[in-house]
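When we follow the working numbering, the leftmost residue of the sequence shown carries the number 193, and every step to the right adds one. All residues carry an ideal CB built from backbone N, CA and C; glycine is no exception. Predicted model only: the values in this text are computed from it and were never measured.
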Amino acid sequence: MPGRRQPRSASCRMPGWTGSPAGPCAYHAHPDHIRFTPSNAEPLYDQRGGEEVGQRVFDSTDSRRVPLMVFSLIGAVALAAVVVIVILGGGGDLGFRGNNNDTVAGQTASGLVPDATEVIPQDSVADFTRDYGEPPGTDYARLRIPVLGVDAPVGLWTVDGSIMPEPYGPVDVALYDLATWPGLGGMPGQGSNAIFGAHVDMNRDIAYAGTHYRGPAVFWAIDQLGAGDIVEVDFAGETLRYGVVWTEEVEASDATDWRQYWTSSVPVDSITLFTCGGEFDFESHAYSHRVVVRAERLP
Numbered sequence: 193m194p195g196r197r198q199p200r201s202a203s204c205r206m207p208g209w210t211g212s213p214a215g216p217c218a219y220h221a222h223p224d225h226i227r228f229t230p231s232n233a234e235p236l237y238d239q240r241g242g243e244e245v246g247q248r249v250f251d252s253t254d255s256r257r258v259p260l261m262v263f264s265l266i267g268a269v270a271l272a273a274v275v276v277i278v279i280l281g282g283g284g285d286l287g288f289r290g291n292n293n294d295t296v297a298g299q300t301a302s303g304l305v306p307d308a309t310e311v312i313p314q315d316s317v318a319d320f321t322r323d324y325g326e327p328p329g330t331d332y333a334r335l336r337i338p339v340l341g342v343d344a345p346v347g348l349w350t351v352d353g354s355i356m357p358e359p360y361g362p363v364d365v366a367l368y369d370l371a372t373w374p375g376l377g378g379m380p381g382q383g384s385n386a387i388f389g390a391h392v393d394m395n396r397d398i399a400y401a402g403t404h405y406r407g408p409a410v411f412w413a414i415d416q417l418g419a420g421d422i423v424e425v426d427f428a429g430e431t432l433r434y435g436v437v438w439t440e441e442v443e444a445s446d447a448t449d450w451r452q453y454w455t456s457s458v459p460v461d462s463i464t465l466f467t468c469g470g471e472f473d474f475e476s477h478a479y480s481h482r483v484v485v486r487a488e489r490l491p
């Protein structure tokens with residue numbers, strides 16, 4: 193599986209649609225690209241409480257999952273990415289951009305270009321949540337992935353017209369209400385396919401916290417999920433349990449039939465998680481792939 197990574201200097205086409213820039217992996221372009229020093233082990237923390245709950249081991253060739261990050265500055269100002277995406281067979285364009293001014297990307301912390309070998313400690317979801325709390329308006333649901341230590345707040349974002357909002361920052365997940373797009377999406381527990389998106393990493397100012405974040409985000413490791421891994425969703429007073437049935441890294445291509453991933457026509461109540469993946473292209477500032485995870489409701 194190709195390595196991946198980008199904190200926001202990118203165009204990252206949404207899985208499920210085709211077009212140009214963004215999705216939860218790159219709603220806003222960012223000037224920094226993260227490089228990773230190879231490692232085969234990493235402590236696994238509960239992302240809400242910050243407690244170490246074990247150790248996750250990775251292939252040493254997967255150079256993106258390590259405790260230290262090297263940042264190479266490829267621009268001075270963070271750019272807002274706008275996505276125009278055509279749903280195959282959907283009869284319209286669905287664009288994605290940041291929501292309101294709360295998520296407008298800020299300038300880089302420094303105008304200086306760091307040396308390509310400079311090691312900069314990364315921020316973490318656990319520490320950021322402890323220090324700055326969770327974004328307002330993200331108490332609609334809660335999503336947990338025990339094997340990854342994920343325990344994330346979920347905000348509901350209604351897709352009106354052609355604009356799909358993004359999560360507020362590195363710690364929250366977006367649940368998309370696609371009711372205006374017939375045949376796509378749904379809500380958890382209702383027999384359809386609930387679509388959850390979140391950032392894979394970030395490198396930008398976070399408005400609600402009043403500070404800069406640089407590091408892995410809440411969906412950083414979802415490409416490691418395998419069949420049988422559990423995803424829990426607290427929704428409408430219930431805890432719904434889902435078992436992963438597949439994880440795919442899908443080419444971000446106009447030729448890809450994305451509707452098959454977002455369809456609401458599923459045999460079993462399902463959820464779909466997505467974020468960016470694949471190789472990062474320094475010229476186009478885009479990821480080559482999208483990581484898509486499907487999980488089905490357990491009895």
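According to DSSP, residue pairing for ARG396 in a beta bridge involves TYR405. As DSSP reads the structure, TYR479 sits in a beta bridge with PHE472. Annotated as distal: GLU471 and SER457, with beta-carbon spacing of 8 Å or more. Under the three-state reduction of DSSP, LEU340 is assigned to helix. Looking at the DSSP output, ILE463 sits in a beta bridge with ALA386 and ALA487.
By the Cβ neighbour-count rule, ARG482 is buried, with 16 or more other Cβ atoms within 10 Å of its own. Between the C-alpha atoms of TRP450 and MET379 there is a straight-line separation of about 19 Å. Cβ-Cβ separation between TYR434 and LEU490: approximately 6 Å, consistent with a contact (criterion under 8 Å). ASP319 sits in a helix when the DSSP states are folded into three classes. Per DSSP, the beta bridge partners of ARG334 are PRO345 and ASP426. Of the residues GLY361, TRP373 and PRO328, the one whose Cα lies closest to the Cα of THR350 is TRP373. Its chain contains PRO380, GLY381 and VAL425 as the residues whose beta carbon lies nearer than 6 Å to that of LEU432, once the 5 sequence neighbours on both sides are disregarded; these appear in chain order. The beta carbon of ILE398 lies closer than 6 Å to those of GLY361 and TYR405 in the same chain, with the five residues before and after it left out. A contact is defined here as three or more CB-CB pairs under 8 Å, and the segment 322 to 330 fails this definition with respect to the segment 410 to 418. Put simply, of ALA444, ASP446, GLN416 and VAL363 the residue whose alpha carbon is nearest the alpha carbon of VAL436 is GLN416. Here GLU430 is exposed. Its C-beta has fewer than 16 other C-beta atoms within 10 Å. For GLY420, the CB contacts under 8 Å within the same chain, skipping 5 residues up- and downstream, are GLY435 and VAL436 in chain order.
In the DSSP assignment, TYR453 falls within the alpha helix (DSSP H) that extends over 451 to 454.
LEU340 and GLY375 have their C-alpha atoms some 31 Å from each other. Taking the C-beta atoms as reference points, ASP364 is found nearer than 8 Å to PRO345. Residues of the same chain with a CB within less than 7 Å of the CB of GLY418, apart from the 5 flanking positions on each side, are VAL436 and THR439 in chain order.
Along the segment 358 to 383, the beta strand (DSSP E) occurs as fully enclosed runs of 3 or more residues at 365 to 369, listed in sequence order. For ILE387, the closest C-alpha among the options GLY353, PHE427, TRP454 and PRO328 is that of TRP454. Annotation for VAL484: PRO207, GLU440, VAL442, TYR453 and PHE466 place their beta carbon closer than 6 Å to its own, counting only its chain and skipping 5 residues before and after. Annotation for ASP331: PRO345 place their beta carbon closer than 7 Å to its own, counting only its chain and skipping 5 residues before and after.
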